[in-house]
RNA sequence: CGGGCCGUGGCGCAGCUUGGUAGCGCACCUGCUUUGGGAGCAGGGGGCCGCCGGUUCGAAUCCGGCCGGCCCGACCA
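Residue numbers (our numbering): 8 to 585.
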């Protein structure tokens, strides 16, 4: 370890906020090169490799074949798929000396589709599953949290090609199980959750969330059944207890200067829960731009994804939109809307007979408005962002909330890319058909950070043995004499026994060695000191539990090797989630 | 991209209000002592004060512009 390049820091660099970022920097595993761009030092690189290797093994196990695709990709392919336009500024573009346009691959659907369409002509060659592990680049709006959201990051991405839905589903399920096993082997506490498909496209998708306080994603889950979902996608049953249950005459009240639900509920001295918030959107209908009003309980957020499910193609209005339709932003409501306006309301409001809503006139609101009497609702739909306390759509249990780090995701893409890029094969019946595709991503460098988020304490990291840069560290507490000699002998014998072991042979005080060992988080530490040797023992420390046990010198190597082997197989054998 | 904060030896910071010759802790180098939880003493090296311009006899400090970073929001492996 005298020659190991692992510059540890006592003090936390000011740039780091979250646990994993601080510890990766402090333990000398990574260094920042630019915003969202990191260099991996030897220890960080080793752990990253460990994760890659686990992913590789699981991919190979389900018959996916490893390839290596270019990071620099020609624009033509992206123009074909339509994403040269759609991807926006997140796609880093560059021009070569001849003026040809390229981009840095943020993902590889285009490349893989182009690769396969030219080679695979028959259903006999299907299914086909390919994967790679390499750098992605996305010019993120806001890189942050160290490796959790970089611009450059290591990803395993797999793509599969199928002749029929059954085959796609089968591989999708195999991938999902493999992803579960990967999480298990990484020692992650995780949940597969229903998700929204975002940029990549497609419909069926599951995200694998490592549960963590610092997670950027909010999710809800049910203890009563397996249901778990990203709040972006979660269907939800909102239970409501309206304050007014009998129809009352509608009344117009002056609400000068009131433009938000918070102000309104203060002004009327009622709970936000008893108001109804109206948001406006616009959609193309029969060639005209049609106004859409979404009504949700005042204490809930409209989920734009669900708005889109209810009214395909709808976009929420921006400032220009409000001007275009000449409607008062702070006083919208479903009563007396302009002709042609579509009113969509959240299902949870369906039984309410007394709505407090905007009057569509600046400075006025209506109370006790009643659907069916004072206005019409065109459609009832699930519109709100799910929250803990809502009811489970599967079993009716009460949903709980958690935060998570999205470490991986599986998608069924269908024919989105194969159609746009003309990738087809000849089916059994002789007819040309587009491939059905799936794509499957694991954030490898993000997983590294996620593992740390879940396995750290005040002293540093406490790696699961499968991800630790090395499995065992030998700490001779003196740099010379018998202590050093015994330490070196144990180190050699452990290495010969196939254990990944490092020796801290620096001429440092015991305290420095202990502190660095706990910071870096070697899972097992063999402490060789004068005190122990006098009794013929070494100490064996388990980093995660902090427990130290004395082991007779003669048994040391065997004990440690057995411990490491046992810990590894325990993680491998943890039962995967369904 | 909006809002907030910040750029001073490798790291963490003070100095800036009220311009006057750059300082502290850690780290680093040398020597002695020390040696089971980030040692002590003595000596030493290292700074375009983010960059450009302006004000001034004089700018880390005041003014303007730019660049970079972090945090909070809208997007995502």
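Virtual Cβ for every residue (Gly too), placed ideally from N, Cα, C.
Asked, Found
"Roughly how far, in whole angstroms, is the beta-carbon of residue 236 from the beta-carbon of residue 393, given that I think they are within contact range, below 8 angstroms?", "7 angstroms"
"Is it buried or exposed, residue 206, if we count other Cβ atoms within 10 angstroms and call 16 or more buried?", "Interpretation of residue 206 is limited by its pLDDT of 44, a score under 50 that renders its predicted location unreliable; the figure taken from the coordinates is listed afterwards. Counting Cβ neighbours within 10 Å, residue 206 comes out exposed, since fewer than 16 surround it."
"Suppose you measure from the CA of residue 571 to the CA of residue 240; what does that come to, to the nearest Å?", "41 angstroms"
"Quick check on this structure: which residue in 499, 540, 469, 549 has the alpha carbon closest to the alpha carbon of residue 26?", "469"
"Using beta-carbon positions only, say whether residue 424 and residue 18 come within less than 7 angstroms of one another.", "no"
"List the DSSP bridge partners of residue 169.", "443"
"Using alpha carbons as the reference points, say which of 377, 243, 416 lies closest to residue 395.", "243"
"In three-state DSSP terms, what is residue 566?", "helix"
"Just tell me which of 230, 313, 36, 575 has its CA closest to the CA of residue 478.", "575"
"What residues in its chain sit with their C-beta under 6 angstroms from that of residue 382, if we drop five residues either side in the sequence?", "341, 342"
"Looking at the unbroken beta strand (DSSP E) that takes in residue 523, where does it start and where does it end?", "It is not in any beta strand (DSSP E) - residue 523 instead sits in the alpha helix (DSSP H) that spans 517-527."
"Where residue 282 and residue 376 are concerned, what is the direct C-alpha to C-alpha distance, given to the nearest angstrom?", "11 angstroms"
"Bridge partners for residue 288 per DSSP, in chain order?", "299, 323"
"Around the C-beta of residue 246, are 16 or more other C-beta atoms found within 10 angstroms, so that it is buried, or is it exposed?", "exposed"
"Check whether the Cβ atoms of residue 4 and residue 193 lie closer than 7 angstroms to each other.", "Nothing about residue 4 can be reported from this structure: the residues present for the chain run from 8 to 585 only."
"Here's the rule I'm using: 16 or more other beta-carbon atoms within 10 Å means buried, otherwise exposed. How should residue 208 be labelled?", "Note on residue 208: pLDDT 47, under 50, position unreliable in the model; no value is reported."
"With a floor of 3 residues, list each beta strand (DSSP E) that falls wholly inside the region 68-131, ordered by position along the chain.", "79-81, 100-102, 108-111"
"With a floor of 3 residues, list each beta strand (DSSP E) that falls wholly inside the region 471-519, ordered by position along the chain.", "479-483, 508-510"
"Run the CB neighbour count on residue 101, radius 10 Å, all protein chains shown included, and call it buried at 16 or more, exposed below.", "exposed"
"Determine which residues share a DSSP beta bridge with residue 350 and list them.", "300"
"Could you name each continuous beta strand (DSSP E) segment of 3 residues or more that falls completely within the region 206-287, going from the start of the chain to the end?", "211-218, 224-229, 235-237, 258-261"
"Alpha carbon to alpha carbon, how far is residue 538 from residue 545? Give it in angstroms, no decimals.", "9 angstroms"
"In terms of DSSP beta bridges, what is residue 154 paired with?", "In the DSSP output, where bridge partners are listed per residue, residue 154 has none listed."
"Let's test the definition: count the other Cβ atoms within 10 Å of the Cβ of residue 60 and tell me whether it reaches 16, buried, or not, exposed.", "exposed"
"Return the first residue and the last residue of the alpha helix (DSSP H) that residue 314 is part of.", "311-317"
"Could you spell out where the alpha helix (DSSP H) holding residue 33 opens and where it closes?", "26-33"
"For residue 274, which option in 262, 132, 553, 285 has the closest C-alpha, if you only look at C-alpha atoms?", "262"
"Indicate the three-state DSSP secondary structure (helix, strand or coil) for residue 386 in the structure shown.", "strand"
"Straight-line CA distance for residue 579 to residue 573?", "10 angstroms"
"Out of 333, 300, 305, which has the shortest C-alpha to C-alpha gap to residue 323?", "300"
"May I have the straight-line CA-CA distance separating residue 389 from residue 317, to the nearest angstrom?", "8 angstroms"
"Given residue 427, which residues of its chain have a CB within under 7 angstroms of its CB, disregarding the five upstream and five downstream residues?", "87, 88, 89"
"To the nearest angstrom, how far is the alpha carbon of residue 522 from that of residue 202?", "41 angstroms"
"Whose CA, out of 361, 295, 309, lies closest to the CA of residue 248?", "361"
"In the structure shown, what three-state DSSP assignment does residue 585 receive?", "Reliability of the predicted coordinates at residue 585 is poor, the pLDDT of 40 falling under 50, and the value obtained from them is presented with this limitation in mind. Three-state result, residue 585: coil."
"So, are the CB atoms of residue 253 and residue 374 less than 7 angstroms apart?", "no"
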